[in-house]
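A short worksheet on the structure shown next.
Numbering (my numbering), first residue to last: 9 to 96.
In structure tokens, the structure reads:
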């Protein structure tokens, strides 16, 4: 946490973790969720969602099954901290 003039700001890492939690929760609730729907839920751009999904796939946390249209997401590892935080 960063404190400037008695105003507290969350660190980037905590923000990323909360965003990832929102993405994973949304996928758990609806494995066929689209990137546009994830963008609305998280407040990120679709490009931001693409980046997060790529990092989650790279870390082996999620995978896409089937085609882009008609496929679904699977959560491989529910423990996000097994492989450490997502970083650029």
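Every residue, glycine too, gets a C-beta built ideally from N, C-alpha and C.
It should be emphasised that the depicted structure is a prediction, and the values quoted were computed from it without experimental measurement.
Taking all protein chains shown into account, do 16 or more other C-beta atoms lie within 10 angstroms of the C-beta of residue i, making it buried, or fewer, making it exposed?
i: residue 53; result: exposed
i: residue 73; result: exposed
i: residue 77; result: exposed
i: residue 42; result: exposed
What did DSSP end up calling residue i once you bin it into helix, strand or coil?
i: residue 71; result: strand
i: residue 41; result: coil
i: residue 104; result: One cannot answer for residue 104 here, as it falls past the ends of the chain, which runs 9 to 96.
i: residue 64; result: helix
i: residue 27; result: helix
i: residue 76; result: coil
i: residue 53; result: coil
i: residue 91; result: For residue 91, the predicted structure reports a pLDDT of 45, less than 50, and the residue's modelled location is therefore unreliable. The matter cannot be settled from this model.
Between the Cα of residue i and those of the options, spot the shortest distance and give me the residue it belongs to.
i: residue 66; options: 77, 51, 76, 85; result: 85
(request) Tell me, please, whether the stretch 74 to 85 touches the stretch 35 to 44 by the rule of three or more beta-carbon pairs shorter than 8 Å. (result) yes
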